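Accompanying notes for the structure given below.
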Amino acid sequence: MTAAKPILLAEDNPRDAELALAAMEEEHISDKVVLCHDGAEVLDYLYCRGQFKSRLKGNPAVVFLDLKMPKVNGLEVLRTIKSDISLRPIPVVMLTSSREEKDLAESYALGANAYVVKPVEFHQFLTAVKELGTFWGVINEPPPEGSASTN
Amino acid sequence: MRFRELTIERRILAGFSLVFIGILIIGAVSYRNTAILIENSRLDTKSHDLLQLLTNVDEAMDEAENNHRRYLVTGEVVYLKSFRSLTEQKPTYLKYLKELTAGLPLQENRVATLQNLIEQQINAETGAIAKRDKGGFEAVRRIALEGAAKREITAIHRIIGEMEVDERQSVRRRFSESTLSTTNTIVLLALGALLQLVLLASVYYLIRHDITARRKVATELQLRGELLEAANKELEAFSYSVSHDLRAPLRHIDGYASLLSKSAGDSLNDKAKRYLQTISDSAKQMGQLIDDLLVFSRMGRQEMLHTTVNLDQLIKTILYDLRLDLQGREISWTIDTLPEVPGDPAMLRQVFVNLISNALKFTGTRPIAKIAIGLEKKGAGEIIVFVRDNGVGFDMQYLGKLFGVFQRLHRADEFEGTGIGLANVRRIVHRHGGRVWAEGVPDQGATFFVALPTRRPRT
Chain A
62 MTAAKPILLA EDNPRDAELA LAAMEEEHIS DKVVLCHDGA EVLDYLYCRG QFKSRLKGNP
122 AVVFLDLKMP KVNGLEVLRT IKSDISLRPI PVVMLTSSRE EKDLAESYAL GANAYVVKPV
182 EFHQFLTAVK ELGTFWGVIN EPPPEGSAST N
Chain B
515 MRFRELTIER RILAGFSLVF IGILIIGAVS YRNTAILIEN SRLDTKSHDL LQLLTNVDEA
575 MDEAENNHRR YLVTGEVVYL KSFRSLTEQK PTYLKYLKEL TAGLPLQENR VATLQNLIEQ
635 QINAETGAIA KRDKGGFEAV RRIALEGAAK REITAIHRII GEMEVDERQS VRRRFSESTL
695 STTNTIVLLA LGALLQLVLL ASVYYLIRHD ITARRKVATE LQLRGELLEA ANKELEAFSY
755 SVSHDLRAPL RHIDGYASLL SKSAGDSLND KAKRYLQTIS DSAKQMGQLI DDLLVFSRMG
815 RQEMLHTTVN LDQLIKTILY DLRLDLQGRE ISWTIDTLPE VPGDPAMLRQ VFVNLISNAL
875 KFTGTRPIAK IAIGLEKKGA GEIIVFVRDN GVGFDMQYLG KLFGVFQRLH RADEFEGTGI
935 GLANVRRIVH RHGGRVWAEG VPDQGATFFV ALPTRRPRT
């Protein structure tokens, strides 16, 4: 059951997305990755609407969020997730180029579970994405379905 | 226009000095004129007294002469009364006459003549009275008709008349003098007041003009300061976001080059593999440049921590952290005891990490590197720390470029680096209110100096 939970990757840059997927592939977890191209798609997925209307019910194992995204940006998505009682348990990892103190502080204040700065060097990026994918998608035990929505 | 060249302070001082001098002159002239008026009025009183006295004397002489003649004719004793009274009054008259004409030589002379004449008249009359008493009317018949002192009394009339004319002339002269003086005073006061008013108005205009100009400059300065600050902030934000957005494509270049070399690795020849490696290396190098630029940009924006930094401890920690880089190097260290300074520990650490790393880097070609860290003789209110090495040094003609951003004095294949270290050093030291400079001789070594204030800067 756990292994079946998808990893939601929100990344507007197709190249970054492809590189991330290439990294995940090395760990054989790329088939679990659902790619969203902006914040609105992330919310559509989480609320099972739009193109994700007919998807299998259930929350993802983790959401990797870029900060700078078109339509709805990462911080807004984070705010929505953490203020919705049924979505709040989903682990959210900020995956961004920004090392700005302001962004860091705001993300944690909104309830981000982790904050990772994308390394410039590809090999470091590769390692980071692999480790993140493995940890959050495989090693970490996600919250049980409906853990917060019983009420 | 000499006046135009004077500073505003001097102009105002000159204006007020003129006003002050004007007041002094008006005061002095008014005082003198008033003194003249008072003196003239005193002299006038004296003149009036003299005129009155002269009239009295004249009448007394006349009466004495007339009554003594009556006595000579009638022998009635009652007529001798005014003669006797004159004899008694004579010293008093003379005394007052002398007093009232004192200081006037012409009148004094006349009084002397008058005195003689009066005495002659009295003597003549006394003689006539004595003759009448001895020889009766017949003895003085001829004298009684003419009077004993006809000649004298005429002379007395003439002299008293002269004196009166003279005194009246004096009074008239003084009157016109007083009138003129009063008119002068009034004119002077009016003109003076007008002049003072004009002067004060000009001084007021000067001060006002100056204040307006100063206020304008202050407003301008404030505006410029605000603009500069805004521009600075914008520039920082710009440089940050540029460095930021530059990172993504670099990651892609490096990433795709790696992916390519992995997926096509076996089919590539060595040349193609080297090309791919160069692409990756260049992307990494640019990544390093951008990272350094980000650090530099952050150094300018970051809030400074105001605490005390123990430089001794700081250097020790840095050397400990660099120990891995020192492996395989032969280095002779000379490190003085350093004091504490006010400042931001992380920032000052960056300064000395950069300086010591540079010293290590540029002594890399020396069999034995000599690095000295010490305290230059203390300046007033600041300490000067130096870092000296026996490395490749630099030509003093490039001194101006040494602390610039991305300025390098050595080829990339000689010594690695992005050329931002010393720019950071300068920026941090400036933020601490200090100075940096360097001395170098090509191929002999370089010394870098950091002067830090011993008191916290105000901003």
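Protein chains in written order, with our numbering: chain A, 62 to 212; chain B, 515 to 973.
Note that beta-carbon positions come from the ideal geometry of N, C-alpha and C, so glycine has one too.
Fair warning: this is a prediction, and the values are worked out from it, not measured in the lab.
- Annotation for residue 797/B: 764, 767, 768 place their beta carbon closer than 6 angstroms to its own, counting only its chain and skipping 5 residues before and after.
- Cα atoms of residue 635/B and residue 563/B: separation of roughly 24 angstroms, rounded to the nearest angstrom.
- Taking 7 angstroms as the upper bound on Cβ-Cβ separation, chain A lies near residues 761, 762, 764, 765, 766, 768, 769, 772, 773 of the stretch 760 to 781 of chain B.
- Residue contact check for residue 931/B against chain A: no CB pair falls below 8 angstroms.
- Taking all protein chains shown into account, residue 632/B has 16 or more neighbouring C-beta atoms within 10 Å of its C-beta and is therefore buried.
- A straight line joining the alpha-carbon of residue 642/B with that of residue 597/B spans about 12 angstroms.
- DSSP, read as helix, strand or coil, puts residue 929/B in coil.
- By the neighbour-count criterion, in which a residue is buried when 16 or more other Cβ atoms sit within 10 angstroms of its Cβ, residue 952/B is buried.
- Classified as exposed, residue 109/A has fewer than 16 neighbouring CB atoms from the shown chains inside 10 Å of its CB.
- For the C-beta of residue 77/A, the chain B residues within less than 8 angstroms are, from N- to C-terminus, 762, 765, 766.
- Where residue 530/B is concerned, there is no enclosing beta strand (DSSP E), although the alpha helix (DSSP H) around it starts and stops at 522 to 588.
- For residue 793/B, the enclosing alpha helix (DSSP H) has its first and last residue at 784 to 815.
- Pairing residue 158/A with residue 762/B gives a Cβ-Cβ distance under 8 angstroms.
- Between residue 645/B and residue 558/B, the alpha-carbon positions lie close to 45 angstroms from each other.
- Exposed is the label assigned to residue 847/B, since fewer than 16 other Cβ atoms lie within 10 Å of its Cβ.
- In the DSSP assignment, residue 662/B falls outside any beta strand (DSSP E) and carries neither an H nor an E.
- Boundaries of the alpha helix (DSSP H) harbouring residue 166/A: 162 to 171, taken from the DSSP string.
- With contact defined as three or more Cβ pairs closer than 8 angstroms, the stretch 120 to 129 of chain A and the stretch 139 to 153 of chain A are in contact.
- In the DSSP annotation of this structure, the continuous segment of the beta strand (DSSP E) that includes residue 893/B starts and ends at 883 to 893.
- Residue-level contact by beta carbon fails for residue 814/B and chain A, as no gap is shorter than 8 angstroms.
- Looking at the backbone, the Cα of residue 792/B and that of residue 144/A are separated by about 48 angstroms.
- Contact annotation for residue 787/B against chain A: no contact, minimum CB-CB distance about 16 angstroms [criterion: below 7 angstroms].
- Classified as buried, residue 932/B has 16 or more neighbouring CB atoms from the shown chains inside 10 Å of its CB.
- Around the C-beta of residue 591/B, fewer than 16 other C-beta atoms lie within 10 Å, and the residue is accordingly described as exposed.
- Residue state for residue 960/B is assigned as strand, using DSSP reduced to three classes.
- About 6 angstroms separates the Cβ atoms of residue 71/A and residue 130/A, confirming a contact at the 8 angstroms cut-off.
- Here residue 910/B is exposed. Its C-beta has fewer than 16 other C-beta atoms within 10 Å.
- DSSP places residue 900/B inside the beta strand (DSSP E), whose first and last residues are 896 to 903.
- Between the C-alpha atoms of residue 192/A and residue 95/A there is a straight-line separation of about 17 angstroms.
- Taking 8 angstroms as the CB threshold, residue 125/A stays off the interface with chain B.
- Residue contact with chain A for residue 747/B: absent (no Cβ-Cβ distance below 8 angstroms to any residue of chain A).
- Under the criterion of beta carbons closer than 8 angstroms, residue 950/B and residue 963/B qualify as touching, at roughly 7 angstroms.
- Proximity to residue 78/A across 179/A, 196/A, 205/A peaks at 179/A, based on C-alpha coordinates.
- Residue 585/B and residue 651/B have their alpha carbons spaced roughly 9 angstroms apart.
- Around residue 593/B, the same chain offers 581, 584, 585 as residues with beta carbons nearer than 6 angstroms, after the five sequence neighbours per side are excluded.
- Residues of chain A with a Cβ closer than 7 angstroms to the Cβ of residue 893/B do not exist; the shortest Cβ-Cβ separation is about 36 angstroms.
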